[in-house]
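Here the structure is laid out as structure tokens; the discussion comes afterwards.
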Amino acid sequence: MIGRRLAGASVLLVTLLMFLVFALTTDRFASTGNVLNLAKQMSIIGVLGTGMTFVVLGGGIDLSVGSVVLFAGAIAGALLTEGFGAAPAMLAALAGGALVGAANGLLIERLRISPVIVTLGTMVAVRGLGLVLLQRYSSWIDVSDPVFDALGVGSIAGVPASAAVMLVLGLAGALLLRFTRFGRELYAIGTNAAAARLCGVDVAGVRVATYVLSGAIAAVAGLLSVVRTGVVSPSIGVGLEFSAISVVVLGGARLSGGVGRIERTLLGTAILVMVLNYLTIHGVPGTWQTTVTGGLILAAVLTDRLLRRSPA
Amino acid sequence: MTRSQAALAVAILLLAGMFAALDPDFATLANLSTLANQTTVLAVLAVGSTFAIISRNIDIAPASVMTLAAVVVAMLLHATGSIAAALVAGAAVTLAIYLLHGLLIARLGLDPLIVTLAAWIWARGLAVSLTDATTLPIRSAFVQALDAPAVFGLTPAVGVVVAVYVAGWVVLNRTRLGIYTRALGEDERALAARGLSPAAWKVAVFAAMGVTTSIAALLMIARLAAAAPTAGFGLELDAIVAVIIGGTSFKGGSGRLGNTVAGVVFIAVLDNGLSALQLGDAEFELLKGAGILAALLLDAANRRRGQKSRV
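Top line first, the protein sequences correspond to chains A and B. No gaps in the numbering here: position 231 of the first sequence is 230 in numbering that gives the first Met the number 0, and each next residue is one more. No gaps in the numbering here: position 291 of the second sequence is 290 in numbering that gives the first Met the number 0, and each next residue is one more.
Below you can see the structure in the form of structure tokens.
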């Protein structure tokens, strides 16, 4: 029990400790500029991690989110280029993401195919769909729209807009999990789906909802990616599904379901981004960062496992 | 032949017929041997994935580990000049990583998806870091010979694939390791009940997967005559999809290498046929994804029908 508590609180402790150590050993690390930079870098992965947390809590996984980032970006970029306003472009992107999520959820729950397999299939197919759409615009869309531009440079009370989107979304998600029936049922399903079903929980329905949420939230990340770079290019979103799973795992969630919190996923995101930022400041070449990311995930699950194992 | 297998066979024939109609060069002996030569690495990786999935594990790391092994081989060849030493070192690195995975998963009970996801990331990252993202040439007569067309345009590498499948079949169906691979997927407690250690046998299954991954690395080196840190990207997913399309259940406990052969042929025909149509990357990915999804749906639909008729 103590081990378990420790495992829960340790994510926060590790995050704080890391920040402290990095700040003390590096001049620029704790500067306002760098902290804001960290917040910006967190936004896309943090948003994807938020969506992924819902799916993982239900015992599923969604490998298609990186492709949804491209798909949603391509939809928004195409509509903006065709002269539609920012609002319809964003709504269409969100709808596109939700649709992919619904397809994932229905294939998994109605046809009972493993989530890894279904979302692997949609990962390839949806990326193709996004690329085909993008090809109609010579595979490259420069986005110039007042709303998108404003979101790119704007800030709310000093917080960069993209980071604010992540925080608001994360807060909304955390409240949804804690104070609604949906949230309670989701934890119940992840802990013991058979028992939840016996208690009258619509297991399939709740799980489908998590995929729809994940798809729609991945579309938000797609929009953030367009906002941040001002372009839609064929390579956006590649590999982001694994970053999203990584931060969920760094946040202490179990892929078997039932354990995990959005707050901790965001802390996991902070850990990942801080480590990479620290390495960059200290001149470690970018290519080594991938190796470190993989090692970090392994270290996180190992620590979690050893803490739970400790006699308590 | 079950309904699923028959459906897959029909799907492969339809797909091949369609490509043959669209492209007169598809159904030639030259193209079919090219298809076989192109598919060697995927085919061997799929044997490892079959063992993983039957034992109710998943391995998404093999392509990354294989790429890292190839980089190790290239670097050692440049350093020592001995291809034998380099290949042994590459195989040793691969086996060590798989043994580590087996221990983490079997002894500590870590989730195989997370452990192999971490390696998917770090092994690929290491391959890129060690090479500075450049391709290292591997010049060796032995390696070149593996990829030189010999009989009917087929390379000795295809012979290696056949040998791996025969060996894999024997292990899966005629040895204790094979029996326990299925038992692990069915219910680990069955092993424990017979006084055997599930953890030890799980590590053994991972060691077997390490062997197939080392062989895949050798074949990739032969194919490219180089170690390219970005080569093999996505092959781990193709390998898993091939196993599942072949009809092996993700739930573990059952599955056959024959099914995997059919799944690999499906992916190979799809890849080769789509490439020959000279589509853009976009259409290629879209159609490939659609083809994979269609095959999965077909399989799932058949399985459901099978379940209903049993009730």
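Every residue, glycine too, gets a C-beta built ideally from N, C-alpha and C.
With a cut-off of 8 Å on Cβ pairs, the region 70–88 of chain B is not in contact with the region 181–195 of chain B, counting fewer than three such pairs.
P159 of chain A is bridged by DSSP to A:S154.
Excluding sequence positions up to five before and after S232 of chain A, its CB lies within less than 7 Å of the CB of W139, all in the same chain and listed in chain order. For chain A, none of the residues of the region 182–215 of chain B brings a beta carbon within less than 9 Å of one of its beta carbons.
Non-local beta-carbon contacts of M273 of chain A in its own chain, meaning distances under 7 Å to residues more than five positions away in sequence, involve M17, F18, F21, L37 in chain order. Assignment of beta-bridge partners to A71 of chain A by DSSP yields no partner. Take A195 of chain A, set aside five residues on each side of it, and the residues of its chain with a beta-carbon closer than 8 Å to its own are E184, A187, I188, V202, in chain order. Taking 8 Å as the threshold, the shortest C-beta distance from V258 of chain A to chain B does not fall below it. Using a Cβ-Cβ distance cut-off of 8 Å, the region 61–73 of chain A and the region 111–128 of chain A are in contact, since at least three pairs of beta carbons, one from each stretch, lie closer than that value. With distances taken between CA atoms, Q37 of chain B lies nearest to B:S274 out of B:S274, B:A281, B:A166, B:I239. In this model, L218 of chain B and S139 of chain B are separated by some 13 Å (Cα to Cα).
A distance below 8 Å separates the beta carbons of G100 of chain A and S213 of chain A. From the beta-carbon of G108 of chain B, the residues of chain A found nearer than 8 Å are R304.
Per DSSP, the beta-bridge partners of L135 of chain B are B:A226. Against chain A, the CB of I96 of chain B has no partner CB under 8 Å away; the residue lies outside that interface. Setting aside the 5 residues that flank it on each side, A8 of chain B has no residue in the same chain whose C-beta is closer than 6 Å to its C-beta. Separation of F181 of chain A and I107 of chain A (C-alpha to C-alpha, rounded to the nearest whole angstrom) is 19 Å. With the criterion set as a beta carbon lying under 8 Å from some beta carbon of chain A, the members of the region 263–294 of chain B are G279, D280, A281, E282, F283, E284, L285, L286, K287, G288, A289, I291, L292, in sequence order. Excluding sequence positions up to five before and after F28 of chain A, its CB lies within less than 6 Å of the CB of F21, A22, all in the same chain and listed in chain order. DSSP places W121 of chain B inside the alpha helix (DSSP H), whose first and last residues are 111–130. According to the DSSP secondary-structure assignment, I140 of chain A is paired through a beta bridge with A:V231. Contacts with chain A at 8 Å (Cβ-Cβ) do not include W168 of chain B. Counting the other CB atoms within 10 Å of its CB gives P111 of chain B a total of 16 or more, which places it among the buried residues.
Contact annotation, M208 of chain B with A91 of chain B: C-beta distance approximately 15 Å; criterion of less than 8 Å not satisfied. Flagged as an interface residue toward chain A: I57 of chain B, by a C-beta distance shorter than 8 Å. From the listed residues B:R188, B:I53, B:L276, B:I214, the smallest Cα separation to N258 of chain B is found for B:I53. The distance from the Cβ of G221 of chain A to that of G236 of chain A is about 7 Å, consistent with a contact at the 8 Å cut-off.
Counting only residues of its own chain and dropping the five nearest sequence neighbours on each side, G152 of chain B has a CB closer than 8 Å to the CB of L28, A29, S32, T33, N36. Its chain contains M65, A215, L218, M219, R222, G231, L234 as the residues whose beta carbon lies nearer than 8 Å to that of V40 of chain B, once the 5 sequence neighbours on both sides are disregarded; these appear in chain order. Interface criterion not met: the Cβ of G221 of chain A is under 8 Å from no Cβ in chain B. Cβ-Cβ separation between T268 of chain A and G72 of chain A: approximately 20 Å, too far for a contact (criterion under 8 Å).
By the Cβ neighbour-count rule, D141 of chain A is exposed, with fewer than 16 other Cβ atoms within 10 Å of its own. Contact between L249 of chain A and I216 of chain A does not hold, since their C-beta atoms are separated by about 18 Å, which reaches or exceeds 8 Å. Per DSSP, the unbroken alpha helix (DSSP H) holding K39 of chain A starts and ends at 31–56. Looking at the DSSP output, V150 of chain B sits in a beta bridge with B:L153.
Apart from sequence neighbours up to five positions away, the residues of its chain that approach G153 of chain A with a beta-carbon distance below 6 Å are A160, ordered along the chain.
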